[in-house]
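>
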Amino acid sequence: MLDIYKLDDEVLRENTESVKSFDSALKMLVDAMFETLTEADGVGLAAPQVGVSKKFFIVDLHEGEKGKFVFINPEIIETSIEEGPYEEGCLSIPGFYRDVIRPLSVKVQAQDLEGKHFTIDASGLLARVIQHENDHLNGTLFIDHLSEDERERVIKAYRKKNKKRKKD
Ligand code: NI
15 MLDIYKLDDE
25 VLRENTESVK
35 SFDSALKMLV
45 DAMFETLTEA
55 DGVGLAAPQV
65 GVSKKFFIVD
75 LHEGEKGKFV
85 FINPEIIETS
95 IEEGPYEEGC
105 LSIPGFYRDV
115 IRPLSVKVQA
125 QDLEGKHFTI
135 DASGLLARVI
145 QHENDHLNGT
155 LFIDHLSEDE
165 RERVIKAYRK
175 KNKKRKKD
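For reference, each letter of the sequence shown is one residue, going 15 to 182 in my numbering.
See the structure below:
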């Protein structure tokens with residue numbers, strides 16, 4: 015099980031580097047991320063959340079193998095005009111859930127673990143998770159989509175709840 019980095023950890027705010035080598039180290043890390051995601055009972059996990067500042071994330075919709083996805087060097091190339099709210103949470107901000115408005119469907123280009131390029135059209139939960147995880151690759155968290163007041167409220171409440179983690 016990998017450590018999951020949390021709200022005040024700098025790595026979550028950094029810009030990530032593209033993946034260039036599709037080697038066994040990458041595959042092992044992805045395997046470990048899937049195990050960590052299962053343990054944490056989440057649906058998505060981005061590399062910065064395990065302290066790796068690189069452009070990839072995984073999704074597990076808990077539908078067996080067909081619900082598992084790896085997106086390496088992803089790019090959202092189209093988003094629907096239609097948007098809607100959905101309650102999001104994040105393993106890096108445990109215990110906090112807020113409605114976030116996003117496009118309801120997206121088209122994504124990415125590479126798989128072999129480096130092969132693919133494109134998918136996603137809607138529903140998959141589209142939601144892709145956008146949330148893709149944000150992590152740009153140093154963005156779901157709370158950044160809230161109003162400034164609401165974001166500050168979440169951050170304050172999170173810090174209060176996690177005082178031990180606070181830096182001196
Ligand atoms: Ni997240």
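No residue lacks a Cβ here, since even glycine has one placed at the ideal position from N, Cα and C. As the structure is a computational prediction, the values presented were derived from the model and not from experiment.
Here's the rule I'm using: 16 or more other beta-carbon atoms within 10 Å means buried, otherwise exposed. How should T11 be labelled?
This structure gives no information on residue 11, because the portion of the chain shown stretches from 15 to 182.
> Please name the residue, chosen from L160, F48, E53 and A171, that lies closest to F70 on a Cα-to-Cα basis.
Reading the sequence shown from its first residue, position 56 is the one you call residue 70. The residue with the shortest Cα to Cα distance from F70 is F48.
> Cα separation between E77 and K34?
Translated into positions along the sequence shown, residue 77 becomes position 63. Translated into positions along the sequence shown, residue 34 becomes position 20. Going by the C-alpha atoms only, they are around 30 Å apart.
> With DSSP run on the structure shown, which of helix, strand or coil describes T50?
One-based indexing of the sequence shown puts residue 50 at position 36. T50: helix per DSSP, three-state reduction.
> State buried or exposed for D149, treating a residue as buried only when at least 16 other CB atoms are found within 10 Å of its CB.
Counting from one through the sequence shown, the residue named residue 149 turns up at place 135. Buried, since its Cβ has 16 or more Cβ neighbours within 10 Å.
> Can you list, in chain order, the stretches of the alpha helix (DSSP H) that have 4 or more residues and sit fully within the region 51-125?
If we require 4 residues or more, the region 51-125 turns out to have no alpha helix (DSSP H) run fully inside it.
> CB L16 to CB A46, shorter than 7 Å?
For the purposes of this step, residue 16 is identified with residue 2 of the sequence shown, where counting begins at 1. For the purposes of this step, residue 46 is identified with residue 32 of the sequence shown, where counting begins at 1. Contact flag set, yes.
> Under a Cβ-count criterion, where at least 16 other Cβ atoms within 10 Å of its own Cβ denotes burial, should A39 be classed as buried or exposed?
Taking the sequence shown and counting its residues from 1, the one referred to as residue 39 is at position 25. Flag for A39 reads exposed.
> If we count the other Cβ atoms within 10 Å of its Cβ and call it buried at 16 or more, is H232 buried or exposed?
Lying before the first or after the last residue shown, residue 232 is absent from the chain, which here runs from 15 to 182.
> Taking the C-alpha atoms as reference points, what is the distance between K175 and I107?
In the sequence shown, residue 175 corresponds to position 161, counting from 1. In the sequence shown, residue 107 corresponds to position 93, counting from 1. Going by the C-alpha atoms only, they are around 11 Å apart.
> Given this structure, state the Cα-to-Cα distance separating D37 from G129, to the nearest angstrom.
Working through the sequence shown from its first residue, we reach residue 37 at position 23. Working through the sequence shown from its first residue, we reach residue 129 at position 115. When rounded, the distance between both Cα atoms is 9 Å.
> Could you tell me the alpha carbon to alpha carbon distance between D113 and L155, rounded to whole angstroms?
Reading the sequence shown from its first residue, position 99 is the one you call residue 113. Reading the sequence shown from its first residue, position 141 is the one you call residue 155. If you take the alpha carbons of D113 and L155, they lie about 13 Å apart.
> For E166, which of helix, strand or coil comes out of DSSP?
Here residue 166 refers to the residue found at position 152 of the sequence shown. Three-state result, E166: helix.
> What residues match up with E31 in a beta bridge as DSSP calls it?
The residue labelled residue 31 in the question sits at position 17 within the sequence shown. K68, per the DSSP bridge assignment.
> Which two residues bound the contiguous alpha helix (DSSP H) that contains D17?
Working through the sequence shown from its first residue, we reach residue 17 at position 3. Segment: none, D17 is in no alpha helix (DSSP H) and carries neither H nor E.
> Are the CB atoms of A54 and L21 nearer to each other than 7 Å?
On the sequence shown, residue 54 is found 40 positions in, with the first residue counted as 1. On the sequence shown, residue 21 is found 7 positions in, with the first residue counted as 1. No.
> So the candidates are L160, N152, V168 and I169; which of them puts its Cα closest to the Cα of E28?
Counting from 1 along the sequence shown, the entry for residue 28 is found at position 14. Closest by alpha carbon: N152.
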